[in-house]
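For the record, the sequence lines run as chains A and B.
Here my numbering is used: the first residue of the first sequence is 1105, the next is one more, and so on.
Here my numbering is used: the first residue of the second sequence is 9, the next is one more, and so on.
The C-beta atom is built at its ideal place from N, Cα and C for all residues, glycine as well.
Notes follow the structure.
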Amino acid sequence: MNVHDLKSARPQPLPPKPRNPMPVWVAATLAMLWLIVWDLEISFETLAYGVEDMAEYFSRYGQPDFTDLSRYLYLMGITLATALWGTVFALLVAFFLAPLAARNFTPNTVTYRIAREMLNFMRAMPDLLLALIFVAALGLGPMPGALALGVHTAGFLGKFFAESLERVDKGVCEGVASTGANFAQMVMYAGWPSILREALGYVLYILDRNVRMASVLGLVGAGGIGLALHDTLRLFDYGQSAALILVILATILIIDYASAWLRGRLG
Amino acid sequence: MSAISIQSVSKRFPNGFEALKGIDAEIRSGSFTVVLGPSGAGKSTLLRLMNGLETPTTGMVRIDGEIVDRRKVRHIRSRVAMVFQQFNLVDRLSVVTNVLTGRLAHRSWVGSVFYLFRQEDLGIAREALCRVGLIDKAWSRADKLSGGQQQRVGIARALAQRPKVILADEPVASLDPVSSEEIMTLLREICDRDGITVVVNLHQVDLARRFADRIIGMNGGRIVFDGKPEEMTQSVLRTIYQREGIEDDTSLDMALAYA
């Protein structure tokens, strides 16, 4: 614009307000929620009457039995190891797949699509289902659990990494590319150093999640404390079950705080 | 022999914008050329074509007689270094590692992906850092440095490539006047002492006059002036910076009054 135009600018009316579709969306969402309640015959009355029964059931867990605590801790250790190995496996897979699945680093669209679809596939397979398959194939124990966690979370970690890599400043990429660096060098110099902090945060988050999931995976036979909980629940041994649940809860809380603290320190 | 040869190059971006409309130019080996022009004139695009960061829609760019194309781009880039307005260093790596990235194209990826460099490359990096006066900052993180210092690291990275050509895209646009002076002096000295061909995009007319052997003026994707700094008169500046569709441009008059 010329300076003359600026000086002669007269006050003008405000342009018409753009249409806001928000109320329509809110109304549609509420209508859909109501339809679901109606269709599934969800009854809040039953819920209200059931409170008493639930209270009675939970009261059976009132006296946790810690006589076998050392065994529980050992089992918890196995569960933690399962989660750790699952995370390491996921990290390894994601480390190699993520650069191929990042639009700005991938050598060509074919590898991009293949890597993306592999990550999508791994992410789409629920780890509970994977654990069932691996337990059937490899037998009971922590190994199928670690594998199941690894495959499923590799999909997540790979996607997180790929998206972080896609956010790497275009200038930084060009800076390294302009020296004539090849694909592997681009990834190692422009890619990973730029997202290191974010990536560590994601790994901690996945580890945290895998500890929680590894406890559950025991229920389908993938070893560790979950398997023990499965057994005591089937024997209606409420005291031991309560103790096991408390050990799991305490561990998850500790891991949760520890990883939050670590991620905070990473900034 | 000309280091860079641009033959009827045009560039149209996917969004339809025609950045370059038929450019022909020869840039002599060992010369210091400044490209002047308003924002959007196509200066950056022209420079980026010489390093293969963009590919021309028609025409071709040759570096030392070799055509810049996709297949040979890494080979070309190893000899055509680039310095950027925003420095484009890897923030989280040390200064010396940033300089060592200049050696990547000269080495196989096996050692370099593990950040292992030969003694010879470390020597080259040290030399480059001494040259820009930042040897004491070698192990600082790149983002801890000031703008002027970061740009000097950018130049050290370019030097570490042992290039034939250094392209600098608005190297001083984000710097204060003193740092700008330092950077321009450094580039000029590299051109004179090492015989490296330097092409610089600039916004500052006075810097162009003082440092260039030759000035190329661009406007609207075309070359509108090509000559020695002393041939660049006020009327030439008007053609370089004139804006389409504006007859009486007071802003242009005011801007050029002190140029």
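C-alpha distance - residue i paired with residue j, whole-angstrom precision
i: B:Leu7; j: B:Gly203; result: Absent from the model: residue 7 of chain B. The displayed extent of chain B is 9 to 267, so no value can be given.
i: A:Asp1335; j: A:Arg1220; result: 40 Å
i: A:Val1280; j: A:Asp1312; result: 34 Å
i: A:Ala1241; j: A:Tyr1216; result: 31 Å
i: B:Ile191; j: B:Ser37; result: 21 Å
i: B:Val69; j: B:Ser13; result: 6 Å
i: B:Ser148; j: A:Leu1269; result: 24 Å
i: A:Lys1121; j: A:Val1128; result: 17 Å
i: A:Ser1147; j: A:Tyr1309; result: 37 Å
i: A:Leu1350; j: A:Leu1184; result: 15 Å
i: B:Met262; j: B:Asp214; result: 15 Å
i: B:Arg111; j: B:Gly60; result: 18 Å
i: B:Ala11; j: B:Ala176; result: 16 Å
i: B:Ala33; j: B:Val76; result: 15 Å
i: A:Leu1300; j: B:Ser243; result: 53 Å
i: B:Phe92; j: A:Met1222; result: 37 Å
i: B:Ile174; j: B:Ala168; result: 11 Å
i: A:Glu1160; j: A:Gly1154; result: 10 Å
i: A:Arg1271; j: B:Leu97; result: 16 Å
i: B:Leu44; j: B:Asn209; result: 6 Å
Secondary structure of residue i, DSSP reduced to three states
i: B:Met226; result: strand
i: B:Asp214; result: helix
i: B:Phe21; result: coil
i: B:Leu108; result: helix
i: B:Leu101; result: coil
i: B:Asn59; result: coil
i: A:Gly1154; result: helix
i: B:Val43; result: strand
i: A:Lys1121; result: coil
i: B:Thr205; result: strand
i: B:Arg82; result: helix
i: A:Met1105; result: At A:Met1105 the pLDDT is 48, less than 50, meaning the model places this residue with poor confidence; the figure from the coordinates comes in the next sentence. Residue state, collapsed to three classes: coil.
i: B:Ser182; result: coil
i: B:Gly30; result: strand
i: B:Ser10; result: strand
i: B:Glu190; result: helix
i: A:Glu1221; result: helix
i: A:Glu1145; result: coil
i: B:Glu74; result: strand
i: A:Arg1367; result: helix
i: B:Arg149; result: strand
i: B:Ser52; result: helix
i: B:Arg196; result: helix
i: A:Val1272; result: coil
i: B:Arg134; result: helix
i: A:Ala1297; result: A small correction: the amino acid at residue 1297 of chain A is Pro; Ala does not occupy that position in the sequence shown. In this structure, A:Pro1297 counts as helix in the three-state DSSP scheme.
i: B:Ile254; result: coil
i: A:Asp1086; result: Residue 1086 of chain A cannot be examined here, being either before or after the span of chain A that is shown, 1105 to 1371.
i: A:Arg1082; result: There is no way to answer for residue 1082 of chain A, as the model of chain A reaches only from 1105 to 1371.
Interface partners of residue i on chain B, CB under 7 Å
i: A:Pro1211; result: Here the premise fails: no neighbours, minimum Cβ distance about 12 Å.
i: A:Asn1286; result: Arg82 and Trp117
i: A:Leu1253; result: The contacting residues do not exist; A:Leu1253 stays about 28 Å from chain B at best.
i: A:Ala1202; result: By Cβ distance, chain B contributes nothing, its closest Cβ being about 15 Å from A:Ala1202, past 7 Å.
Residues bridged to residue i (per DSSP)
i: B:Gln15; result: B:Met68
i: B:Met90; result: B:Leu175
i: B:Asp234; result: B:Ile224
i: A:Ile1310; result: Note: A:Ile1310 sits in no beta bridge, so no partner.
i: B:Ile35; result: B:Ile12
Chain B residues whose Cβ lies nearer than 9 Å to that of residue i
i: A:Pro1297; result: Val98, Asp99, Arg100, Leu101 and Thr105
i: A:Met1292; result: Trp117, Ser120, Val121, Phe122 and Tyr123
Proximal residues of chain A, C-beta to C-beta of residue i below 7 Å
i: B:Ser120; result: Gln1289
i: B:Ala113; result: Thr1283, Gly1284 and Ala1285
Contact list for residue i against chain A, beta-carbon separation under 9 Å
i: B:Phe92; result: Gly1275, Glu1278, Gly1279 and Ser1282
i: B:Arg85; result: Ala1281, Ser1282, Thr1283, Gly1284 and Ala1285
i: B:Leu61; result: Glu1278, Ala1281 and Ser1282
Within chain A, the residues that residue i reaches when beta carbons sit closer than 8 Å
i: B:Ser47; result: Within 8 Å Cβ-Cβ: nothing; B:Ser47 doesn't reach chain A, min ~15 Å.
i: B:Gly110; result: Thr1283
i: B:Gln169; result: Thr1283 and Gly1284
i: B:Arg196; result: Within chain A, no residue comes near B:Arg196; the closest Cβ sits about 21 Å away, beyond 8 Å.
Cβ separation of residue i and residue j, assumed to be a contact under 8 Å, to the nearest whole Å
i: B:Pro179; j: B:Gln159; result: 6 Å
i: A:Asp1157; j: A:Gln1344; result: The pair is not a contact, with the Cβ atoms about 23 Å apart (cut-off 8 Å).
i: A:Gly1249; j: A:Leu1321; result: 5 Å
i: A:Thr1355; j: A:Thr1257; result: The Cβ separation is near 18 Å, so there is no contact.
i: B:Ala27; j: B:Gly155; result: Not a contact, Cβ separation roughly 27 Å.
Chain B residues whose Cβ lies nearer than 8 Å to that of residue i
i: A:Leu1242; result: The premise fails here: A:Leu1242 is roughly 34 Å from chain B at the closest Cβ pair, so nothing lies under 8 Å.
i: A:Leu1300; result: Arg100
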